[in-house]
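FYI, the numbering for the sequence shown is 13 to 248, going by this note's numbering.
Below is one structure, written out as structure tokens; the observations come after it.
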Amino acid sequence: MEPRLPGALTGTKPALIVPVFGAPGEISGLAERASAAGADIIEWRADLSEDWDSCADILADSELPTIATVRSDREGGRFPGTGHDYAAAAMKIAAMGFDVLDVEIKRSSAFQIFPVAHDHGIPVIASHHNFKETPRDVEIIEILEEMVEAEADLLKVAFQPAHADDTWRQMELSRGLHGRFGVPIISISMGHDAAWSRLAAHACGSAATFGTVGGESAPGQLDAALVRSVLDALDR
Numbered sequence: 013m014e015p016r017l018p019g020a021l022t023g024t025k026p027a028l029i030v031p032v033f034g035a036p037g038e039i040s041g042l043a044e045r046a047s048a049a050g051a052d053i054i055e056w057r058a059d060l061s062e063d064w065d066s067c068a069d070i071l072a073d074s075e076l077p078t079i080a081t082v083r084s085d086r087e088g089g090r091f092p093g094t095g096h097d098y099a100a101a102a103m104k105i106a107a108m109g110f111d112v113l114d115v116e117i118k119r120s121s122a123f124q125i126f127p128v129a130h131d132h133g134i135p136v137i138a139s140h141h142n143f144k145e146t147p148r149d150v151e152i153i154e155i156l157e158e159m160v161e162a163e164a165d166l167l168k169v170a171f172q173p174a175h176a177d178d179t180w181r182q183m184e185l186s187r188g189l190h191g192r193f194g195v196p197i198i199s200i201s202m203g204h205d206a207a208w209s210r211l212a213a214h215a216c217g218s219a220a221t222f223g224t225v226g227g228e229s230a231p232g233q234l235d236a237a238l239v240r241s242v243l244d245a246l247d248r
């Protein structure tokens, strides 16, 4: 089966992605709240969850498509394993039948995981998160090109700005790169001072933005219902 991204990630409007995580008993309620808040897609954070098999069974009944993510402790998550452990975890999730798999491009095993997911018919988001800085434009482009080389179906980068100029620079670069690689890009400037950029995803050339119905999975995330209302207002 040919891997195909959910339509919300390939349309003309930015998708609203809402992370859910926790024990299986919490996942169902969070998924329902995400749907009620106007989410287009759920991101299941496996690294913040317990009993992966039970969580997968619950999310299989969700009306929304699900991105499955194992975020490592190197990139702001809680998965502590080595490259081999990360690959094993990602490949296990790829076999669970989720709609999309997130893979960190800087993991040594990344290029092994992509074809496995694609063989299961699952599209892959290549991601990179830097909680220390926003790199120079040329470095950001190099990261995106590495993702394209891995045959990612969507490219995601998230950086921590040192000051407001970093956020503006990243958003301007993202807007200029729109359409360049032939696949969608999600570009995020993290932190509360950059939270406004999450509401301006369309203007900044980003295919999606994130909102929350519970705890933040990354700094600067805003309430999902608020993000939905702003996205809808801007689309009028």
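A virtual CB, placed ideally from N, CA and C, is assigned to each residue, including glycine.
Listed as beta-bridge partners of R57 by DSSP are T81. Between I105 and S74 a beta carbon distance of about 16 angstroms is seen, past the 8 angstroms cut, so the two are scored as non-contacting. Under the 10 Å beta carbon count, H96 is surrounded by fewer than 16 other beta carbons and is classified as exposed. Contact between I79 and P36 fails: their C-beta atoms lie close to 18 angstroms from each other, not under 8 angstroms. The C-alpha of E116 is placed about 21 angstroms away from the C-alpha of H190.
Taking a C-beta distance under 8 angstroms as the contact criterion, A206 and T179 qualify as a contact pair. Boundaries of the beta strand (DSSP E) harbouring I137: 136 to 142, taken from the DSSP string. If you look at D65, you'll find it isn't in any beta strand (DSSP E); it sits in the alpha helix (DSSP H) that goes 64 to 71. Membership of T179 in any beta strand (DSSP E) is not indicated; the residue belongs instead to the alpha helix (DSSP H) covering 176 to 189.
Residue pairing for G223: DSSP places it in a beta bridge opposite L234.
E145: not part of any alpha helix (DSSP H); DSSP gives it neither H nor E.
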